[in-house]
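Chains as they are written, first to last, in our numbering: chain A, 26 to 313; chain B, 2 to 256. Note that beta-carbon positions come from the ideal geometry of N, C-alpha and C, so glycine has one too. So the structure is just underneath, and the comments pick up after that.
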């Protein structure tokens with residue numbers, strides 16, 4: 026009896042140790058990667074920030090970074106109103122039905138599509154209509170369309186996550202569904218929504234596929250698509266720019282720092298929201 | 002004895018279904034104006050469904066079906082063309098376990114008037130002050146109206162939700178289980194407020210507490226398994242219940 030119990034304890038300890046070890050291993054690999062990038066890229070990045078260009082290639086990184094930030098923000102601003110409208114409709118107006126479940130599933134499917142498909146959309150559907158000299162606009166629209174289903178499902182999920190008592194109490198006061206969504210649900214979910222928008226922006230900023238797709242199939246006479254950080258990294262590695270390796274590491278470090286900042290802000294926002302939601306849920310469950 | 006002038010709400014053959022489940026069965030009941038009516042009955046008797054059907058809040062569920070009529074001052078609130086938001090403004094519901102919105106104390110109380118179009122700060126100030134006084138909370142919060150409502154104690158939160166409902170000046174106030182999850186001191190305070198409110202409003206409250214029903218109500222409606230078993234003045238129902246099931250329930254004899 027005692028032996029069996031000791032064996033069980035030993036097995037439990039072994040499982041626990043292996044889980045802890047795996048976690049540390051994963052964190053270690055990630056830290057190693059970031060550390061390596063910092064080690065190789067910090068020097069060149071510091072210099073480019075100081076002098077404006079990479080010393081060995083003459084490439085200016087900061088304008089590319091600003092262009093990336095602009096693309097991220099503009100795509101989010103373009104997609105957000107429509108995405109919020111879709112999310113509010115699906116969450117607050119649409120009745121439970123097979124059709125609406127199908128619509129939600131379809132939007133979710135669109136949100137999970139590989140971004141290169143949206144590049145294809147930009148090349149195939151937008152480029153012929155918008156024509157010459159509109160490469161930046163095409164990339165922006167393709168990115169906004171890519172973000173649209175993601176932000177729609179995020180808005181829907183954020184509204185569904187608002188404690189039901191707020192919706193109920195607002196409607197009981199004679200507020201319409203729209204007033205309830207606009208004045209109570211969205212203000213309550215604003216931090217979650219903002220966090221999701223930041224995550225979406227990080228995804229747009231870090232994605233080279235739509236730009237590559239448009240650049241690859243674009244007649245050179247129409248001009249090059251706007252150079253964003255990931256596209257710059259890609260083209261400098263495979264294309265004709267050919268700077269030294271330090272250039273790549275500096276670019277990659279700036280890209281990863283931008284992404285970490287956005288994701289970090291998103292995590293902080295969501296943490297505040299979770300604290301608030303938790304306290305309301307405790308009250309709803311009678312655990313106050 | 003309460004001076005009853007008229008019936009404010011009249012239910013005629015009211016039935017409520019959630020999918021295939023019938024929560025209320027052919028209820029015929031008249032709620033007297035200017036009095037407090039307590040709806041009593043065990044869990045699942047249909048008390049909350051009854052209250053929600055009086056202000057069309059049952060419609061928040063997709064699979065709900067309501068049959069029959071609910072007349073508010075003689076007009077059927079379920080007839081086509083009736084503005085549901087206006088019905089809910091006239092018949093306020095304080096649901097079981099209400100929770101303040103994550104806004105300031107002031108903005109919580111001003112929420113209802115604002116959604117109904119009141120914008121002037123002076124008018125809102127007056128409404129907030131009056132509503133908080135009616136809910137017995139003014140003296141406790143008057144110096145910190147801009148503080149978060151979430152910082153209040155559970156009893157104060159319950160009072161704030163009453164003030165929030167009063168701010169839209171309803172004609173009828175429905176209160177679902179006002180004692181739910183509150184300490185005895187807070188319950189006593191809420192009951193004092195209810196006693197004050199019934200001077201000005203038609204009140205309908207669902208409660209599981211016989212003592213509470215006895216203390217605050219003028220009339221009692223006893224529900225059992227979705228059926229209205231008995232309705233009458235509180236003193237009569239407690240002293241001489243007409244139905245055996247009512248007697249068993251109020252004396253605590255459950256078969």
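8 Å Cβ cut-off: residues of chain A touching residue i
i	result
residue 156(B)	Chain A residues near residue 156(B): none, gap ~11 Å exceeds 8 Å.
residue 137(B)	Correct list: empty, because the minimum Cβ distance to chain A is about 20 Å.
residue 86(B)	199, 200, 201
residue 113(B)	198, 199, 200
Closest residue to residue i among the options (Cα-Cα distance)
i	options	result
residue 201(B)	53(B), 111(B), 29(B), 136(B)	136(B)
residue 58(A)	293(A), 297(A), 274(A)	274(A)
residue 165(B)	11(B), 96(B), 207(B)	96(B)
residue 97(A)	55(A), 272(A), 254(A), 260(A)	254(A)
residue 7(B)	120(B), 205(B), 35(B)	35(B)
residue 172(A)	116(A), 210(A), 99(A)	99(A)
residue 186(A)	214(A), 67(A), 177(A)	214(A)
residue 148(A)	166(A), 44(A), 225(A), 89(A)	166(A)
residue 158(B)	139(B), 173(B), 172(B)	139(B)
residue 106(A)	278(A), 73(A), 235(A), 219(A)	219(A)
residue 74(A)	276(A), 294(A), 293(A), 114(A)	276(A)
residue 154(B)	61(B), 101(B), 113(B)	101(B)
residue 71(A)	86(A), 40(A), 135(A)	86(A)
residue 10(A)	56(A), 51(A), 296(A)	Because chain A spans 26 through 313 in this model, residue 10(A) falls outside it and cannot be assessed.
residue 12(B)	41(B), 69(B), 40(B)	69(B)
residue 207(A)	37(A), 43(A), 110(A)	110(A)
residue 292(A)	33(A), 188(A), 221(A)	221(A)
residue 143(B)	107(B), 230(B), 42(B)	107(B)
residue 171(B)	19(B), 150(B), 247(B), 93(B)	93(B)
residue 92(A)	33(A), 164(A), 195(A), 103(A)	164(A)
residue 156(B)	181(B), 149(B), 174(B), 145(B)	181(B)
residue 118(A)	201(A), 278(A), 90(A)	201(A)
residue 25(B)	43(B), 122(B), 245(B), 229(B)	229(B)
residue 238(B)	40(B), 18(B), 17(B)	40(B)
residue 197(B)	216(B), 186(B), 207(B), 27(B)	216(B)
residue 132(B)	152(B), 47(B), 162(B), 121(B)	162(B)
Residue i burial status per 10 Å Cβ neighbour count (16 or more: buried)
i	result
residue 138(A)	exposed
residue 132(A)	buried
residue 29(A)	exposed
residue 108(A)	buried
residue 199(A)	buried
residue 272(A)	buried
residue 243(B)	exposed
residue 35(A)	exposed
residue 57(B)	buried
residue 175(A)	buried
residue 110(B)	buried
residue 127(B)	exposed
residue 1(B)	Any answer about residue 1(B) is impossible in this case: the structure gives chain B only from 2 up to 256.
residue 178(B)	buried
residue 47(A)	exposed
residue 312(A)	Residue confidence for residue 312(A) is low, a pLDDT of 39 falling below 50, so the modelled location carries little weight and cannot support an answer.
residue 45(B)	exposed
residue 113(A)	buried
residue 254(B)	exposed
residue 194(A)	buried
Distance between beta carbons of residue j and residue i, contact taken as under 8 Å
i	j	result
residue 287(A)	residue 227(A)	4 Å
residue 63(B)	residue 224(A)	That pair is no contact at about 31 Å.
residue 73(B)	residue 88(B)	7 Å
residue 55(B)	residue 10(B)	6 Å
residue 205(B)	residue 15(B)	Contact flag wrong, Cβ pair sits at about 13 Å.
residue 117(B)	residue 90(B)	6 Å
residue 38(B)	residue 218(B)	6 Å
residue 170(A)	residue 146(A)	6 Å
residue 143(A)	residue 235(A)	5 Å
Beta-carbon neighbours of residue i, restricted to chain A and to distances below 9 Å
i	result
residue 121(B)	Near residue 121(B) there are no residues of chain A at all, since even the closest Cβ is about 18 Å away, more than 9 Å.
residue 169(B)	198, 199
residue 166(B)	194, 197, 198
Beta-carbon neighbours of residue i, restricted to chain A and to distances below 7 Å
i	result
residue 18(B)	Under the 7 Å cutoff, chain A gives no residues; its nearest Cβ is about 16 Å from residue 18(B).
residue 188(B)	By Cβ distance, chain A contributes nothing, its closest Cβ being about 15 Å from residue 188(B), past 7 Å.
Contact list for residue i against chain B, beta-carbon separation under 8 Å
i	result
residue 196(A)	58, 61, 89
residue 116(A)	Near residue 116(A) there are no residues of chain B at all, since even the closest Cβ is about 13 Å away, more than 8 Å.
residue 193(A)	58, 61, 96
heavy atom of the ligand GDP below 8 Å from residue i C-beta
i	result
residue 160(B)	Among the components of this structure there are no ligands whatsoever, and the ligand GDP is therefore not found.
Amino acids of chain B, ordered along the chain, whose beta-carbon sits closer than 9 Å to that of residue i
i	result
residue 120(A)	63
Mind listing, in chain order, the continuous alpha helix (DSSP H) runs of no fewer than 4 residues lying wholly within the region 196–260 of chain A?
202–205, 211–231, 234–241
Curious, which full-length alpha helix (DSSP H) runs of at least 4 residues does the region 107–183 of chain B contain?
122–135, 139–142, 155–167
To be precise: take each residue of the region 198–215 of chain A, compare its Cβ to all Cβ atoms of chain C, and keep it if any distance is under 8 Å. Which residues remain?
Structure shown: chain C not included; protein chains present are A and B.
Unbroken beta strand (DSSP E) runs of length 3 or more, entirely within the region 32–80 of chain B: which are they?
37–41, 65–73
Alpha helix (DSSP H) segments (min. 4 residues) lying fully within the region 78–157 of chain A:
87–113, 123–136, 140–146, 152–155
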